[in-house]
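Asks: One structure, pasted below without further comment.
Number of protein chains: 2
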Amino acid sequence: MLSEAARVLAHRLERFGTLGADDKQVLRALVHHSHIHRPKGDVFREGDRRRDLHVVVSGLFCRYRLLADGSRQILAILLPGDLCDSSFWAEHPYDFSVGALACGSTATFSRTALQDLYRRPALARAFSLARHVDDAISREWLVNMGRRGMEQRLVRLLSELTWRLEALGLVLGNTITLAMNQTDLADALGVTHISVCRTLKQLEAEGLLVPERGRILVQDVAALRAAAGTYPAYLGAQMDVAQVTGLTEATRRHALAVALVN
Amino acid sequence: MLSEAARVLAHRLERFGTLGADDKQVLRALVHHSHIHRPKGDVFREGDRRRDLHVVVSGLFCRYRLLADGSRQILAILLPGDLCDSSFWAEHPYDFSVGALACGSTATFSRTALQDLYRRPALARAFSLARHVDDAISREWLVNMGRRGMEQRLVRLLSELTWRLEALGLVLGNTITLAMNQTDLADALGVTHISVCRTLKQLEAEGLLVPERGRILVQDVAALRAAAGTYPAYLGAQMDVAQVTGLTEATRRHALAVALVN
DNA sequence: CGAAGTTTTGACCAGTGTCAAAGCGAGTGG
DNA sequence: CCACTCGCTTTGACACTGGTCAAAACTTCG
Chain C
1 MLSEAARVLA HRLERFGTLG ADDKQVLRAL VHHSHIHRPK GDVFREGDRR
51 RDLHVVVSGL FCRYRLLADG SRQILAILLP GDLCDSSFWA EHPYDFSVGA
101 LACGSTATFS RTALQDLYRR PALARAFSLA RHVDDAISRE WLVNMGRRGM
151 EQRLVRLLSE LTWRLEALGL VLGNTITLAM NQTDLADALG VTHISVCRTL
201 KQLEAEGLLV PERGRILVQD VAALRAAAGT YPAYLGAQMD VAQVTGLTEA
251 TRRHALAVAL VN
Chain E
1 MLSEAARVLA HRLERFGTLG ADDKQVLRAL VHHSHIHRPK GDVFREGDRR
51 RDLHVVVSGL FCRYRLLADG SRQILAILLP GDLCDSSFWA EHPYDFSVGA
101 LACGSTATFS RTALQDLYRR PALARAFSLA RHVDDAISRE WLVNMGRRGM
151 EQRLVRLLSE LTWRLEALGL VLGNTITLAM NQTDLADALG VTHISVCRTL
201 KQLEAEGLLV PERGRILVQD VAALRAAAGT YPAYLGAQMD VAQVTGLTEA
251 TRRHALAVAL VN
């Protein structure tokens, strides 16, 4: 399990530059624990002290903030290999929470040990670039929420996820199942679940997807992406689809089973 | 001028940990050029190749994206000391533009040289923490756009700016002038300038501010902050108001004149 | 004085939010 | 195996925020 975590993280980082065998070895040595999370379970909460670094190993997680009135804003969707928090050096308590959207597992790495890793150029660079992609996605979300109507917002979010999942090797052919319910989508898009429902129906009528209980079926990924318009260049390096290998077949199947079909 | 740039950057970074005299010396050695920008002038544009690293020295800038339909979404407001782009290692073209909202100046630092700086722990840590604050602000914006109504959005944005300006020593007493016009505010908040106008009038009626041509007068900063509700803990380390010194008096007056009154 | 950019107003409209209730599926305990 | 419960989805009526369009009022600057 622990080596699995190191492998997922290493695979993710290798998107951004080759790591030496020693780099990977170091990562492997830093894994502490592994945790299983059920939907709605939290990895950590806003206000918690920053301790170890959490990495998503399998499943679907999100960064989110809860407001005084009880509403929730999802700040980012996290897929296997993503860091729950990319601020290595921050000492302050978290200003957001991370929770599971679907069943999944995370692993912890020693934060202080990882800070030392900054002496290793390849790792420092890889972590920094991973963070860069994170930032770019966040910028895209900001644009989405600020300037696009419901349909485009939804389509673009889903399209983004298909690209990111494909980069992980989790898209088989032209079809995909996303294990998100309408409430989660709503909280990610800054709208109500009612609105998501209406728009989903509309997209279903357009033949772009099929909403099901707790998930979205996309039978024609290419069509969905086309509806989103532009190619998501903001995913930058991540989209080096050539590099898609890297997860073992077992890992892939596990991820598919746990994260998506769930 | 160039040493001015290094000083502003160093001052900003020192918020996040002490820099050695040698660290500062290194920064000073890396400044390339200085540029003056008029309102609406761009520092760089989406699609441009990433070359040197730009730092805001004085004035008010913003990161933004232009959409196909001509609308603009402002992604971040940049104040003196802020990096136009915090992705040191990214090689890809920019996925956003940076432009001036008010007259101001920027300086460029050698990107490759700065990358080498990562060997210096104090600098690496400081840059990383500066980025962390950047990210936290961006999260706050996401929450704002997703979950808050017009009045709160506007109040919180303005309140955030007062805090950030105070950390730079640019708030004299309890009064402040923000050199942003209604269109810029609208593009930052993801609404129309009409809506901003209406809300501004409302806030004026509540005695929180006075809209003027091209700027917002806040006579009672404390009241505005109170209206925003919570203390902006998300600004984290930046809000160490004790450390507010650091800019020379001349620099401060310059910044006040150029950035704010403009 | 004229031109350009910004702010202001008003009328009207559309998209979302709100509220309430019903429908459906999956899982649970009897 | 069935009845029940819980959580998620769907629908409809209605309210309301904020968007759209058009035009006028200012300011500033040349």
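Protein chains in written order, with full-length UniProt numbering: chain C, 1 to 262; chain E, 1 to 262.
Idealized CB from N, CA, C, for every residue including glycine.
Out of D69/C, P80/C, D95/C, A130/C, which one is the CA nearest neighbour of R50/C?
Replies: Minimum Cα distance to R50/C is reached at D95/C.
Asks: Which residue spans inside the region 96 to 140 of chain E form an unbroken alpha helix (DSSP H) run of at least 4?
Replies: For the region 96 to 140 of chain E, whole alpha helix (DSSP H) runs of length 4 or above, ordered along the chain, are 111 to 116.
Asks: Using a C-beta cutoff of 8 Å, does H193/E count as contacting chain C?
Replies: No, H193/E lies away from the interface with chain C (no Cβ there is under 8 Å from its Cβ).
Asks: Return the residue from the list A68/C, A6/C, A113/C that minimises the CA-CA distance to S34/C.
Replies: The candidate whose alpha carbon is nearest that of S34/C is A6/C.
Asks: Roughly how many whole angstroms lie between the Cα atoms of T192/C and E14/C?
Replies: The straight-line gap from Cα to Cα measures roughly 38 Å.
Asks: For A136/E, which residues in chain C fall below 8 Å Cβ to Cβ?
Replies: The contacting residues are D95.
Asks: Establish whether the CB of R139/C and some CB of chain E are separated by less than 8 Å.
Replies: R139/C counts as touching chain E.
Asks: Measuring only between beta-carbons, confirm whether Q73/E sits less than 8 Å from chain C.
Replies: Chain C, which has a Cβ nearer than 8 Å to the Cβ of Q73/E, makes this yes.
Asks: Nearest CA to the CA of W89/E: which residue from E166/C, V133/C, R111/C?
Replies: The residue with the shortest Cα to Cα distance from W89/E is V133/C.
Asks: Are three or more beta carbon pairs between the region 215 to 226 of chain E and the region 124 to 139 of chain E nearer than 8 Å?
Replies: The answer is no - the region 124 to 139 of chain E does not touch the region 215 to 226 of chain E, with fewer than three Cβ pairs under 8 Å.
Asks: Give the interface partners of S87/E over in chain C, defined as CB-CB distance under 7 Å, in chain order.
Replies: Simply H132, D135.
Asks: In the structure shown, what three-state DSSP assignment does R49/E receive?
Replies: In the structure shown, R49/E sits in coil (DSSP, three-state: anything other than H, G, I, E or B).
Asks: Would you identify the three-state DSSP class for T175/E, choosing helix, strand or coil?
Replies: Strand, per DSSP.
Asks: Taking 7 Å as the cut-off, is the C-beta of L168/E nearer than that to any heavy atom in the ligand FMN?
Replies: Ligands displayed in this structure: none; no statement on the ligand FMN is therefore possible.
Asks: Please confirm if the region 14 to 23 of chain E is in contact with the region 34 to 49 of chain E, defined as three or more CB-CB distances below 8 Å between the two stretches.
Replies: Taking 8 Å as the limit for Cβ pairs, the verdict is that the region 34 to 49 of chain E does not touch the region 14 to 23 of chain E.
Asks: Go ahead and label G99/E buried or exposed: buried means 16 or more other beta carbons lie within 10 angstroms of its beta carbon, across all protein chains shown.
Replies: Buried: at least 16 other Cβ atoms inside 10 Å.
Asks: From the DSSP output, which residues share a beta bridge with residue 267/C?
Replies: Summary: the structure shown does not reach residue 267/C, with chain C confined to residues 1 through 262, and so no result is reported for it.
Asks: Enumerate in chain order the residues of its own chain whose CB-to-CB distance from T183/E is below 6 Å, with the five nearest sequence positions on each side excluded.
Replies: H193.
Asks: Measuring alpha carbon to alpha carbon, tell me which residue in G146/E, R12/E, D187/E is nearest L189/C.
Replies: Among G146/E, R12/E, D187/E, the Cα nearest to that of L189/C belongs to G146/E.
Asks: I need the boundaries of the beta strand (DSSP E) containing L217/C, first residue and last residue.
Replies: First-last of the beta strand (DSSP E) with L217/C: 215 to 218.
Asks: Thinking just about the alpha-carbon of each residue, which of L75/E, G59/E, S97/E is nearest to the one in G81/E?
Replies: When each option's Cα is compared against that of G81/E, the closest is G59/E.
Asks: Would you mind telling me which residues of chain C sit closer than 7 Å to S128/E, beta carbon to beta carbon, in chain order?
Replies: Ordered by position in chain C, the residues that pass the 7 Å Cβ test against S128/E are F88, W89.
Asks: Using the DSSP secondary-structure output, state which residues sit across from F44/C in a beta bridge.
Replies: DSSP, once it has assigned bridges, lists V98/C as partnering F44/C.
Asks: Which residues, in order along the region 39 to 55 of chain E, keep a beta-carbon less than 8 Å from a beta-carbon of chain C?
Replies: From the region 39 to 55 of chain E, no residue has a Cβ closer than 8 Å to chain C.
Asks: Check whether the region 162 to 182 of chain E and the region 110 to 128 of chain E are in contact - that is, three or more C-beta pairs closer than 8 Å.
Replies: With a cut-off of 8 Å, the region 110 to 128 of chain E and the region 162 to 182 of chain E do not count as touching, because too few Cβ pairs lie within range.
Asks: Taking buried to mean at least 16 other C-beta atoms within 10 Å of its own C-beta, is Y231/E buried or exposed?
Replies: Label assigned to Y231/E: exposed.
Asks: List the endpoints of the continuous alpha helix (DSSP H) containing A76/E.
Replies: Here A76/E belongs to no alpha helix (DSSP H); instead the beta strand (DSSP E) covers 72 to 78.
Asks: Would you mind working out which of S86/C, I176/C, S195/C sits nearest V210/C, comparing C-alpha positions?
Replies: Nearest option by C-alpha distance: I176/C.
Asks: Can you list, in chain order, the residues of its chain with a C-beta nearer than 7 Å to that of residue 263/E? Leave out the 5 residues immediately preceding and following it.
Replies: In this structure chain E extends from 1 to 262, so residue 263/E is not present and cannot be described.
Asks: Who does E212/C pair with in a DSSP beta bridge?
Replies: Answer is R215/C.
Asks: Within this structure, are the beta carbons of L79/C and L53/C separated by less than 8 Å?
Replies: No. Outside cutoff.
Asks: Taking only beta-carbon positions, decide if T183/C is within less than 8 Å of chain E.
Replies: So no, T183/C is outside the interface.
Asks: DSSP three-state label for A237/C, please.
Replies: Any answer about A237/C is weak, because its pLDDT of 49 lies below 50 and its placement is not dependable; what the coordinates show is given next. If DSSP states are grouped into helix, strand and coil, A237/C belongs with the helices.
Asks: Alpha carbon to alpha carbon, how far is L67/C from R38/E? Give it in angstroms, no decimals.
Replies: So the alpha carbons of these two residues sit roughly 39 Å apart.
Asks: Considering L158/E, what are the terminal residues of the alpha helix (DSSP H) in which it resides?
Replies: Counting along the chain, the alpha helix (DSSP H) containing L158/E begins and ends at 150 to 167.
Asks: What three-state label does DSSP hand R38/E in the structure shown?
Replies: Coil, per DSSP.
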